[in-house]
Amino acid sequence: MKGNHEYEIIDHFLNPPNKNWLSQVRAKTLLQHNQINRKIESDIKWFMKFPLFWENENIFISHAGISNDSLIPFNKSDPNGTACFFSLYKT
Numbered sequence: 002m003k004g005n006h007e008y009e010i011i012d013h014f015l016n017p018p019n020k021n022w023l024s025q026v027r028a029k030t031l032l033q034h035n036q037i038n039r040k041i042e043s044d045i046k047w048f049m050k051f052p053l054f055w056e057n058e059n060i061f062i063s064h065a066g067i068s069n070d071s072l073i074p075f076n077k078s079d080p081n082g083t084a085c086f087f088s089l090y091k092t
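When we follow our numbering, the leftmost residue of the sequence shown carries the number 2, and every step to the right adds one.
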C-alpha cells in the first residue's frame, strides 16, 4: 500500500521541494541507495504503482486509518478522508 513515506518521496521528486521528506529521511534514504548502488528513480516509479487501498468482498486494507465520519475516504474533497490528509500533508 502507498503510505505517507512513499507519498513524500514521490511528491518531492515530482513537485520539489517536499520539506518533510527533505528534513526527515532524505539523507538516510539516499545513503542506503548509494550503499547498494541503486538508483532512487526506479523505486519512485515503483512506489507510484502502489494502490492507496485494496479491498474485496471481505476485507479493506489501507496504510492509513480511515475516519468513521468519512463518506468517501479517498476523495480529496472529504475533510475526514485519507486523500485529504495526503493533499494537505505538504508543507
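All C-beta atoms, glycine included, are put in the ideal place defined by N, C-alpha and C. Everything numeric in this text was worked out from a predicted model, so none of it was measured.
CA-to-CA distance, residue j to residue i, given in whole angstroms
| i | j | result |
| --- | --- | --- |
| P18 | D12 | 8 angstroms |
| T92 | N59 | With a pLDDT of only 38 at T92, under the threshold of 50, the placement of this residue in the model should not be trusted, and no figure is reported. |
| S63 | N35 | 30 angstroms |
| K50 | H6 | 14 angstroms |
| Q25 | D44 | 18 angstroms |
In DSSP terms, what residue i is bridged to
| i | result |
| --- | --- |
| S63 | F54 |
Buried or exposed by the 16-neighbour rule on C-beta atoms within 10 Å, applied to residue i
| i | result |
| --- | --- |
| A65 | buried |
| E9 | buried |
Nearest-angstrom beta carbon gap, residue j and residue i [assumed within contact, 8 angstroms]
| i | j | result |
| --- | --- | --- |
| F61 | F54 | 7 angstroms |
| P52 | K3 | 7 angstroms |
Beta-carbon gap between residue i and residue j smaller than 9 angstroms
| i | j | result |
| --- | --- | --- |
| I37 | F14 | no |
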